[in-house]
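*Asks:* Sharing a structure here in structure tokens format.
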Amino acid sequence: MPFSLLKYGLKNDYPFENDVDLPAPTDLKKHYDVVIIGGGGHGVATAYYLAKYHGITNIAILEKGYLGGGNTARNTAVIRSNYLTSEGVKFYTESVDLFKQLSNEFDFNIMYSSRGQLTLAHTDAAVRSFRQRTEVNTHFGGKTELVDPQQIKELVPTLNMNPADMPVLAGLWHIDGATARHDAVAWGYAKGATQRGVELHQLTEVVDVITENNKVTGVKTNRGTVNCGCVVQAVAGHSSIVAAMAGIKMPITTYPLQAMVTQPVKPFLDPLVSSSALHCYVQQTGRGEIVFGGGSDPYPLYNTRSTLDLKESLLASAIEMFPFMANLKLMRQWAGITDMTSDYSPIMGLSPVDNYYLDAGWGTWGFKSTPICGKTMAELVASGGKVPDLIKPFSMDRFDVFRQVNEMGATAASH
Amino acid sequence: MKIMNCPLNGPRNISEFVYGGEVKPMPDMVNCSDKEWAEYVFYYDNTIRIVQEWWFHSPSGYWFIAERHTASDEILKTYDPSEIFKERVDFEMKAKPAQEVVS
């Protein structure tokens, strides 16, 4: 429990009157050691760890809109590490471990709630793949088990065990699966970073990247030009566009991903449930609303519009899983923009331009990696370009040597 | 439902079509470097503007080219690939015969 809450409970007056969450906006300085493009979870987390562990505070985070207003606010807030490859599992397991401590670290409640995540298998092939994921996960310290239909019934009594005439054969029970308030994660990191001297500039759009002799020297923004020692690009949803400013072509295609939320109901669903065949994942938030989402749109687009056909098929799948949801009303629906790589793993590390670091290709798996991503990107920046072992497999040139990290089976719609 | 105009079959629901990637020149697969081939296979412009794309009408098995804006999703034009690709390309492998590795 955050101790400030306890102190607050014991005080007579309101103790936070002089506490400012974020400092007032200032003018841009002429020079920063590090410029971070993108004030979402990843960008502010990188700044936070740079300031906290590496003593680098002359940092500007440049955000086109507002803090955490992009895909940080649009994801469905799933935290899990039950991936398929050893590289992926190691990376996401450490992320889950960091998430667990964040509330205490920030002294600010990110509403981390460890509920477990259940993925349903409807075919023998899915069961086989789940077996493999269980073994890989257990080997790298994650908590994942294979459960049978009887155990699934006990875990989720309201689940239809024969959705769309595809009987549930088994489940991948990921005990570490969790959810948290995604905005709070960005706010907590931003507060921690700005308290240590990092500048967060909202409504500041980068319009060009300045390079000299294949080395980045500054960025042009709508508020003027700033010089910098290095740049970290963390702009989920626009990675190709921003990278193109630095002259970098990326192995990314950008798709919308649509999600919805219902009116709040009484608590009935502890775990996060997803079906590998129906391409649908369902969870109940702390406020009782039911959030559900599915796969990305069928073709690339830079637009957060919603389409009736995708919503319809997503709703049909959700109602197959939990038939009583047919009586609920929808409150909101939205879309996020996802930068998909062809192997469903991120692109992190060095780029073809010196001192320009990439944090991209976060597709549909960006939120769950926020802490570890910030930590490893900070290490990379602070060491002047020495890539930490944990993110070595995710370098962009893996595509040039045909050494992809295939997470397709473990991501797609099985969040 | 969004409608796309198939050059062969006329207006059809977008769900009948499959996206096939950006139209880009293919390098000579026999003589190009690994990097050039990787670039062709994995790297995309992925920009926000009107782009030329391959699309496939799945029920009739027909590939064609569409011009579409990647932010407004407006489909401006669809046409048969023969409008761009006038010459026949032979995909014959002229690589050296495989040699036995002597260890």
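Those protein sequences? They're chains U and P, same order as listed.
With this note's numbering, letter number 38 in the first sequence gets 47, and the count goes up by one each step, no holes.
With this note's numbering, letter number 5 in the second sequence gets 7, and the count goes up by one each step, no holes.
All residues carry an ideal CB built from backbone N, CA and C; glycine is no exception.
(1) Tell me which same chain residues have a C-beta within less than 6 Å of the C-beta of Glu154 of chain U, skipping the five on either side of it?
(2) Can you round the beta-carbon distance between Tyr101 of chain U and Ser378 of chain U to whole angstroms, since I take them to be within the 8 Å contact cut?
(3) Alpha carbon to alpha carbon, how far is Val98 of chain U from Gly151 of chain U? Give it in angstroms, no decimals.
(4) Give me whichever residues DSSP pairs with Val53 of chain P in a beta bridge.
(5) Is it buried or exposed for Thr385 of chain U, if we count other Cβ within 10 angstroms and need 16 for buried?
(6) Can you give me the Cβ contacts of Ile328 of chain U inside the same chain, cut-off strictly under 8 Å, excluding the 5 residues immediately before and after it?
(7) Where do the ends of the alpha helix (DSSP H) carrying Gln342 of chain U lie?
(8) Per DSSP, what kind of secondary structure is Met386 of chain U in: helix, strand or coil?
(9) Measure how close the beta-carbons of Val6 of chain U and Ala179 of chain U come, nearest whole angstrom, since I'm counting them as under 8 Å.
(10) The alpha helix (DSSP H) that contains Arg137 of chain U, what's its start and end?
(11) Using Cβ-Cβ distances below 9 Å, what residues of the stretch 302-322 of chain U are close to chain P?
(12) Does DSSP put Lys58 of chain P in a helix, in a strand, or in coil?
(13) Classify Gly197 of chain U as helix, strand or coil using the three-state DSSP reduction.
(14) What are the boundary residues of the beta strand (DSSP E) that includes Ser35 of chain P?
(15) Can you tell me the Cα-Cα spacing of Ala252 of chain U and Val165 of chain U, whole angstroms?
(16) Does Ser423 of chain U come out as helix, strand or coil in the three-state DSSP assignment?
(17) Taking the alpha-carbon positions, what's the Ser423 of chain U to Tyr92 of chain U distance?
(18) Compare the beta carbon distance of Ile257 of chain U and Gly370 of chain U with 8 Å and say whether it is the shorter of the two.
(19) Any residues in the stretch 239-263 of chain U with a beta carbon nearer than 8 Å to a beta carbon of chain P? Which ones, in chain order?
(20) Taking Thr188 of chain U and Val87 of chain U to be in contact with their CB atoms under 8 Å, please state how far apart those CB atoms are, rounded to whole angstroms.
(21) Just to confirm, is the Cβ distance from Gly372 of chain U to Asp409 of chain U under 8 Å?
(22) For the beta strand (DSSP E) that contains Gln292 of chain U, what are its first and last residues?
*Replies:* The relevant details are as follows:
(1) The sequence position of residue 154 of chain U within the first sequence is 145, counting from 1. Correct list, in chain order: Trp182.
(2) Reading the first sequence from its first residue, position 92 is the one you call residue 101 of chain U. Reading the first sequence from its first residue, position 369 is the one you call residue 378 of chain U. With 8 Å as the limit, Tyr101 of chain U and Ser378 of chain U qualify as a contact, their Cβ atoms being about 6 Å apart.
(3) Position 142 of the first sequence, counted from the first residue, corresponds to residue 151 of chain U. Position 89 of the first sequence, counted from the first residue, corresponds to residue 98 of chain U. Whole-angstrom Cα-Cα distance: 8 Å.
(4) Your numbering for residue 53 of chain P matches position 51 in the second sequence. According to DSSP, which records beta bridges pairwise, Val53 of chain P is partnered with P:Arg70.
(5) For the purposes of this step, residue 385 of chain U is identified with residue 376 of the first sequence, where counting begins at 1. By the neighbour-count rule (16 or more Cβ atoms within 10 Å), Thr385 of chain U is buried.
(6) Your numbering for residue 328 of chain U matches position 319 in the first sequence. Correct list, in chain order: Met334, Ala335.
(7) By one-based count along the first sequence, residue 342 of chain U stands at place 333. Note, Gln342 of chain U: premise wrong, no alpha helix (DSSP H); beta strand (DSSP E) at 339-350.
(8) To locate residue 386 of chain U, count along the first sequence from 1; it is residue 377. Helix, per DSSP.
(9) The structure shown has nothing for residue 6 of chain U, since chain U only spans 10 to 424.
(10) Sequence index remark: in the first sequence, residue 137 of chain U carries index 128 (1-based). Element bounds for Arg137 of chain U: 133-148.
(11) Pro307, Tyr308, Pro309, Leu310, Tyr311, Asn312, Arg314, Thr316, Leu317, Asp318
(12) Here the question's residue 58 of chain P lines up with position 56 in the second sequence. The displayed chain sequence assigns Phe, not Lys, to residue 58 of chain P. Reduced to three states, the DSSP call for Phe58 of chain P is strand.
(13) What you label residue 197 of chain U is simply residue 188 of the first sequence in a count that begins at 1. The answer is helix: DSSP assigns Gly197 of chain U an H, G or I state.
(14) Taking the second sequence and counting its residues from 1, the one referred to as residue 35 of chain P is at position 33. Counting along the chain, Ser35 of chain P falls outside any beta strand (DSSP E), and DSSP gives it neither H nor E.
(15) Locating residue 252 of chain U in the first sequence gives position 243, where the first residue counts as 1. Locating residue 165 of chain U in the first sequence gives position 156, where the first residue counts as 1. Each residue's alpha carbon lies about 44 Å from the other.
(16) For the purposes of this step, residue 423 of chain U is identified with residue 414 of the first sequence, where counting begins at 1. Bear in mind that a pLDDT of 44 at Ser423 of chain U, under 50, signals an unreliable position, so the number given afterwards is only what the model happens to contain. Three-state DSSP puts Ser423 of chain U in coil, outside helix and strand.
(17) Looking up residue 423 of chain U in the first sequence gives position 414. Looking up residue 92 of chain U in the first sequence gives position 83. Its pLDDT being 44, under 50, Ser423 of chain U is placed unreliably in this model, and the value from its coordinates should be taken loosely. Taking the straight line from one Cα to the other gives about 10 Å.
(18) In the first sequence, residue 257 of chain U corresponds to position 248, counting from 1. In the first sequence, residue 370 of chain U corresponds to position 361, counting from 1. It is not a contact, given that the beta carbons lie outside the stated cut-off.
(19) Ser249, Ile250, Ala253, Lys258, Met259, Pro260, Ile261, Thr262, Thr263
(20) In the first sequence, counting from the first residue as 1, residue 188 of chain U sits at position 179. In the first sequence, counting from the first residue as 1, residue 87 of chain U sits at position 78. Their Cβ separation, rounded to whole angstroms, is 6 Å, which keeps Thr188 of chain U and Val87 of chain U in contact under 8 Å.
(21) Position 363 of the first sequence, counted from the first residue, corresponds to residue 372 of chain U. Position 400 of the first sequence, counted from the first residue, corresponds to residue 409 of chain U. No, the Cβ-Cβ distance between Gly372 of chain U and Asp409 of chain U is not below 8 Å.
(22) Residue numbering aside, residue 292 of chain U sits at position 283 when the first sequence is read from its first letter. First-last of the beta strand (DSSP E) with Gln292 of chain U: 289-293.
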